[in-house]
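A short worksheet on the structure shown next.
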Amino acid sequence: MEAIGRIGFIGIGRMGWPMARRLIEAGYPVAVQDAVPGRAADFVQRHGGTAPANPADGADALITMLPTSRDVSAVLGAIGPSLKPGAVVIEMSSGEPSATRALAEGLAARGVAMVDAPVSGGVARAETGELAIMTGGAAEALARVDPLLRAMGTTITRCGDIGAGQAMKALNNLVSAAGFLVSVEALLIGSRFGLDPGVMVDVLNASTGMNNSTQRKLKQFVLSRKFDSGFGLDLMVKDLTIAMQVGRETATPAPLAAQTRELWAAAAALLGPGQDHTAAARFSEALAAGQISEQKG
Ligand code: NAD
């Protein structure tokens, strides 16, 4: 099994930037690219690596960390043909399993392998290299890229064949998104009753209502009114749409999942583009015509 030498990394956004930096710190030569002019050059100036016109050229592995599968298709359509036989594409975006499978088939015809390896843990855990990574693809290709994944994450779980990591990721975010909204609704009800929202979060975290939102989002981004977790509201809606797509493809009735997606989509429509996903609390507040911090008089 040939070790990975040169890496191309496409999409150095909020997540891709720290992930590419981790690879450089692990000693890999990394060629970066981003659609925002100057961003790749800025990255190279700060962290090293290179910013060539075509990072697929000569790469043993090409990592994609882009908003959607549509972006990944566009990038692979443009620079994928430069990949050499034997190279492997590591699709780390939270994408659509069916789209990724179609891309993998096209690449396989040219001797290029593809695996999916979406992540969880947000910007904070991307910075420290402690992401949870869920993978899909052939065992041999995944074994080959394992050292790269270990530079970015600590929990790496093979979920199945190509697309399985992305199905798992969408379902993870479904659970996370439902947990967030119901926790916010509980705080709204509690505030009206006269409970202190900060105390409520403490009690939830010591009780069976504890979830990732009660632990890492409510005080940090909602009660603080900062709404700056680093994960976009539009991306959450995209992930929930993928979860529903997987639900439809598997003919699984999922009324609560459907309701969750609709609520998040309505929040995105109401709040407009460019919002952090934690700002969805404002949508719940608008529905309740109140603020979480409000106390009963
Ligand atoms: P982001 O918008 O911050 O970064 C995406 C980057 O891709 C941007 O810098 C953008 O300019 C670039 N880009 C878009 N199209 C491109 C193209 N054609 N060529 C080159 N670059 C292009 O998004 P993000 O928050 O880093 O998320 C990336 C992926 O990771 C998404 O699929 C998201 O759902 C997923 N994700 C995000 C988080 C998070 O906390 N932010 C956590 C887990 C997973």
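Numbered by our numbering, the letters in the sequence shown go through residues 680 to 976 in order.
Ideal placement from N, C-alpha and C gives every residue a C-beta, glycine not left out.
> Between the C-alpha atoms of Val916 and Asp750, what's the straight-line distance to the nearest angstrom?
Replying inline: 16 angstroms
> What residue does the alpha helix (DSSP H) around Glu864 start on, and which one ends it?
Replying inline: 843-872
> For Glu809, does the three-state DSSP call read helix, strand or coil?
Replying inline: coil
> Would the C-beta of Ala753 count as close to ligand 1, meaning under 7 angstroms from any of its heavy atoms?
Replying inline: yes
> To which residues of the same chain is Val802 closer than 6 angstroms at the C-beta, ignoring the five residues directly before and after it?
Replying inline: Arg693, Gly909
> Buried or exposed: Gln845, going by 16 or more other Cβ atoms within 10 Å of its Cβ?
Replying inline: Flag for Gln845 reads buried.
> By Cβ distance below 6 angstroms, which residues in the same chain neighbour Phe859 in space, the five residues on each side in sequence not counted?
Replying inline: Ser892
>> To the nearest angstrom, how far is the alpha carbon of Gly687 from that of Gln894?
In response: 35 angstroms
> When the distance is taken between beta carbons, is Leu786 closer than 8 angstroms to Val768?
Replying inline: yes
> Mind checking whether the beta-carbon of Ser855 lies closer than 7 angstroms to any heavy atom of ligand 1?
Replying inline: no
>> Could you tell me the alpha carbon to alpha carbon distance between Ile689 and Trp943, rounded to whole angstroms?
In response: Taking C-alpha positions only, Ile689 is separated from Trp943 by approximately 28 angstroms.
>> Could you compute how far the alpha carbon of Ala830 sits from the alpha carbon of Ala922?
In response: 28 angstroms
> Going by Cα to Cα distance, which pick from Ala792, Lys763, Ala822, Gly832 is closest to Ala811?
Replying inline: Gly832
> Leaving out the 5 sequence neighbours to the left and right, which residues in its chain are closer than 8 angstroms to Ser972 when beta-carbon positions are compared?
Replying inline: Ser870, Pro876, Leu902
>> For Lys848, tell me which candidate among Leu827, Gly815, Ala699, Ala720 has the shortest Cα-Cα distance.
In response: When Leu827, Gly815, Ala699, Ala720 are compared, the shortest CA-CA separation from Lys848 is found for Gly815.
> By a C-beta neighbour count over all protein chains shown, 10 Å radius and 16 as the cutoff for buried, is Ser886 buried or exposed?
Replying inline: exposed
> Cβ of Pro746 within 7 angstroms of any heavy atom in ligand 1?
Replying inline: Within the chosen limit of 7 angstroms, ligand 1 reaches the beta carbon of Pro746 through at least one heavy atom.
> If you count every other CB in all the chains shown that lies within 10 Å of the CB of Gln974, and 16 or more means buried, which is it?
Replying inline: Unreliable positioning characterises Gln974 in this predicted model, as indicated by a pLDDT of 49, which lies under 50. The coordinate reading is nonetheless provided below. Exposed, since its Cβ has fewer than 16 Cβ neighbours within 10 Å.
> According to DSSP, what are the bridge partners of Ser799?
Replying inline: Ala811
>> Tell me which residue opens and which closes the beta strand (DSSP E) that Ala740 is part of.
In response: That run of the beta strand (DSSP E) goes 740-743.
> Hey, would you say the C-beta of Asp721 is under 7 angstroms away from at least one heavy atom of ligand 1?
Replying inline: no
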